[in-house]
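In this text, residue positions in the sequence shown follow my numbering: the first is 5, and each later residue adds one. Using N, Cα and C, we set each Cβ at its ideal position, and we do this for glycine too. A quick write-up on the structure given underneath.
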Amino acid sequence: MKSLIGVESLVALAVACGCPAVGAQDAGRTLTPGDLQWKPSTRVKGLEQADLIGSSTQSGPYVQRVRFPANFVNPPHSHPEERTYTIISGTWYVGWGTKLDESKLVALPPGSFYTEPANVPHFVLSKDEPVVVQISGTGPTLTRFVDPSQAPK
Numbered sequence: 005m006k007s008l009i010g011v012e013s014l015v016a017l018a019v020a021c022g023c024p025a026v027g028a029q030d031a032g033r034t035l036t037p038g039d040l041q042w043k044p045s046t047r048v049k050g051l052e053q054a055d056l057i058g059s060s061t062q063s064g065p066y067v068q069r070v071r072f073p074a075n076f077v078n079p080p081h082s083h084p085e086e087r088t089y090t091i092i093s094g095t096w097y098v099g100w101g102t103k104l105d106e107s108k109l110v111a112l113p114p115g116s117f118y119t120e121p122a123n124v125p126h127f128v129l130s131k132d133e134p135v136v137v138q139i140s141g142t143g144p145t146l147t148r149f150v151d152p153s154q155a156p157k
């Protein structure tokens, strides 16, 4: 199976994120769930985030995990960068458009992956359980709500 990213790219990503360079004697960075440092989200009230690599508030690549409580609705919004998402726990619901339409929701169980193009309005929610997603993108980022009055308070 051919690798999607070469060693040179991984080293460049590590350097760009301020992580130590990965060499023959250095196995890289490892984190267990207990190592994660959760803090309030920098973009959406009511959420928590843990930065794994880089920071979504700084220039450059980042990887972070975001915790959504049960029954959380994030109304239509967009982000300026392309992103990738992996669902770590819980079932995540995502739909695309400028109005929250439950008939457009796609249920993504743990282990699911999806991409999100830059500047495309979408909406997400959790139902009866908390959800943790892992997000990768290039910062700095922000969340632009289609209707700013709907931003979670």
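Residue from the options with nearest C-alpha to residue i
{"i": "P37", "options": "P44, R71 and Y66", "result": "R71"}
{"i": "V136", "options": "N123, T95 and D151", "result": "T95"}
{"i": "L51", "options": "Y118, S116, G115 and W42", "result": "W42"}
{"i": "I91", "options": "P113, P79 and A54", "result": "P113"}
{"i": "Q138", "options": "S116, E106 and W100", "result": "S116"}
{"i": "D132", "options": "Q53, S60, G101 and S93", "result": "S93"}
With 16 other Cβ atoms within 10 Å as the buried cut-off, status of residue i
{"i": "F127", "result": "buried"}
{"i": "E120", "result": "buried"}
{"i": "P44", "result": "exposed"}
{"i": "T88", "result": "exposed"}
{"i": "T145", "result": "buried"}
{"i": "A25", "result": "Note that A25 scores 47 on pLDDT, short of 50, meaning its location in the model is unreliable and no value can be drawn from it."}
{"i": "G27", "result": "For G27, the pLDDT reaches just 48, beneath the cut-off of 50, and the residue's location in the model is therefore unreliable, although a value from the coordinates is still provided. Flag for G27 reads exposed."}
{"i": "G58", "result": "buried"}
{"i": "S63", "result": "exposed"}
{"i": "L35", "result": "exposed"}
{"i": "V107", "result": "In the sequence on display, residue 107 carries Ser and not Val. Exposed, since its Cβ has fewer than 16 Cβ neighbours within 10 Å."}
Residue j beta carbon less than 8 Å from that of residue i
{"i": "Y97", "j": "A74", "result": "no"}
{"i": "R33", "j": "S82", "result": "no"}
{"i": "T46", "j": "E85", "result": "no"}
{"i": "P125", "j": "P80", "result": "yes"}
{"i": "P156", "j": "V67", "result": "no"}
{"i": "L40", "j": "R69", "result": "yes"}
{"i": "L129", "j": "V77", "result": "yes"}
Residue i Cβ short of 7 Å to the ligand PLP heavy atom set
{"i": "V135", "result": "This structure lacks the ligand PLP, and indeed carries no ligand of any kind."}
Residues bridged to residue i [DSSP beta-bridge criterion]
{"i": "Q138", "result": "R69 and T90"}
{"i": "G143", "result": "G64"}
{"i": "A122", "result": "According to DSSP, which records beta bridges pairwise, A122 is partnered with nothing at all."}
{"i": "R148", "result": "S82"}
- Item | Segments assigned beta strand (DSSP E), at least 3 residues, entirely inside the stretch 44 to 101 | 52 to 57, 64 to 72, 77 to 82, 87 to 93 and 96 to 100
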